[in-house]
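Numbering (the working numbering), first residue to last: 788 to 1010. Glycine residues also receive a C-beta, built at the ideal position from the N, C-alpha and C atoms. Here the structure is a predicted model, which means the values were calculated and not measured. Read the structure below first, then the notes.
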Amino acid sequence: MNYIDRLHTFFEQLKENNNRPWFAEHKKEYEELRALWLEDIDRMIAAMTAWEPALAGQTAKSCAYRIYRDTRFSPDKTPFKLYFSAAVSPWGRKTDRAGYYIETGIRGGNDEGLYAGIWCPEPPVLKKLRHAIVDNIEEFTDIIDNPELRKNFPVWVGDTLKTVPKGWDRSHPQAELLRRKDYGRFARCGTKFYRNNDWPLVAADMFRTVKPFVDFLNYSIDE
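Below, the structure written as structure tokens:
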């Protein structure tokens, strides 16, 4: 059985027993599965470094998130996540820049897959990005309308405002883009995707097609 199937079975069991005693009893299995996941994330990062040299030096350990949930401000006090995830960027997982994110598990909805972009930017950064998009709309449109990007990352993902932000005309031609609070693109990749033993290489190649989008966001922040 592919370890991804074992991983999803583990998460299904964890969902029914999301408590510390059960997890302690099954920690050896968790550690075995996590080790396999980290090996594949390292393979993916190595493949990504071929087209993004700034990732050199990053590893699965610097990019992968822990399974333990932060329950301090959540009404849901279950201690463990029902998925594995990693955020890949030149700054590792702890960054306020745009980057790449991957998730597999049973969190619910259509969350499993590949992501690229920036989430929850600070207000000054979000303001800067909105102006950069409007001021360079032809360049930005060329990027997001690229056939490879649209094929691999077909949808926007993230929160949006109900109306355009304060200071912008409600009938602005880029109203839909201005309403975005996050600038993210998403590729839905279900369990079948991860059953392919070469999924780290496939994921790296998919991420390559969305690099211009990530680059635009980051150099807009830097300007």
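Euclidean distance between Cα positions of Y790 and K915:
By one-based count along the sequence shown, residue 790 stands at place 3. By one-based count along the sequence shown, residue 915 stands at place 128. Using only the alpha carbons, I get a separation of about 43 Å.
Residue burial classification, P911 (beta-carbon count within 10 angstroms, cutoff 16):
Counting from 1 along the sequence shown, the entry for residue 911 is found at position 124. Looking at its Cβ environment, which holds fewer than 16 other Cβ atoms inside 10 Å, P911 is exposed.
Based on Cα-Cα distance, which residue from V921, R975, K953 and D922 lies nearest to K938?
Working through the sequence shown from its first residue, we reach residue 938 at position 151. Minimum Cα distance to K938 is reached at R975.
On a Cα-Cα basis, can you pick out the residue from A841, R807, A874 and F867 that is closest to W906?
Here the question's residue 906 lines up with position 119 in the sequence shown. Of the listed residues, the one whose Cα sits closest to W906 is A874.
State yes or no: is the C-beta of R894 within less than 7 Å of the C-beta of L965?
Walking along the sequence shown from the start, residue 894 turns up at place 107. Walking along the sequence shown from the start, residue 965 turns up at place 178. Their beta carbons are not under 7 Å apart, which means R894 does not touch L965 by this criterion.
8 Å CB neighbourhood of L988 in its chain, flanking five on each side removed:
Position 201 of the sequence shown, counting from 1, holds the residue named residue 988. Cβ-Cβ distances below 8 Å link L988 to R830, M831 and A834 in the same chain, with the five nearest sequence neighbours on each side left out; the list follows chain order.
Strictly by DSSP, which residues pair up with Y870?
Locating residue 870 in the sequence shown gives position 83, counting from the first residue. G892.
Cα separation between F994 and T858?
Within the sequence shown, numbered from 1, the residue matching residue 994 stands at position 207. Within the sequence shown, numbered from 1, the residue matching residue 858 stands at position 71. Taking the Cα positions, F994 is about 31 Å away from T858.
Which class does T947 belong to by DSSP, given the choice of helix, strand or coil?
Along the sequence shown, one-based indexing puts residue 947 at 160. Strand at T947.
Closer than 8 Å is the cut-off here; do at least three beta carbon pairs connect the segment 874-885 with the segment 807-821?
With fewer than three CB-CB distances shorter than 8 Å, the segment 874-885 does not count as touching the segment 807-821.
Exposure label - V944; buried when at least 16 CB within 10 Å
Within the sequence shown, numbered from 1, the residue matching residue 944 stands at position 157. Answer is buried; the Cβ neighbour count reaches 16.
Is the Cβ-Cβ distance between A851 and L1004 less than 7 Å?
Walking along the sequence shown from the start, residue 851 turns up at place 64. Walking along the sequence shown from the start, residue 1004 turns up at place 217. At the C-beta level, A851 and L1004 stay beyond 7 Å of one another.
Using only CA atoms, which one of F980, I930 and V921 lies nearest to A962?
As a working mapping, residue 962 is identified with position 175 in the sequence shown. If you compare the alpha carbons of F980, I930 and V921 with that of A962, the shortest gap goes to V921.
Buried or exposed for T891, going by 16 or more other Cβ atoms inside 10 Å?
Within the sequence shown, numbered from 1, the residue matching residue 891 stands at position 104. Buried is the call here.
Span of the beta strand (DSSP E) holding F973?
In the sequence shown, the residue the question calls residue 973 occupies position 186. Looking at the DSSP string, the run of the beta strand (DSSP E) that includes F973 is Y970 to R975.
Pick from V1001, T928, L936 and Y855 that is closest to D969, judged by C-alpha positions:
Translated into positions along the sequence shown, residue 969 becomes position 182. Of V1001, T928, L936 and Y855, the residue nearest in Cα terms is V1001.
Leaving out the 5 sequence neighbours to the left and right, which residues in its chain are closer than 7 Å to R856 when beta-carbon positions are compared?
As a working mapping, residue 856 is identified with position 69 in the sequence shown. For R856, where only same-chain residues beyond five positions count, the Cβ hits under 7 Å are T865, P866, F867 and K868.
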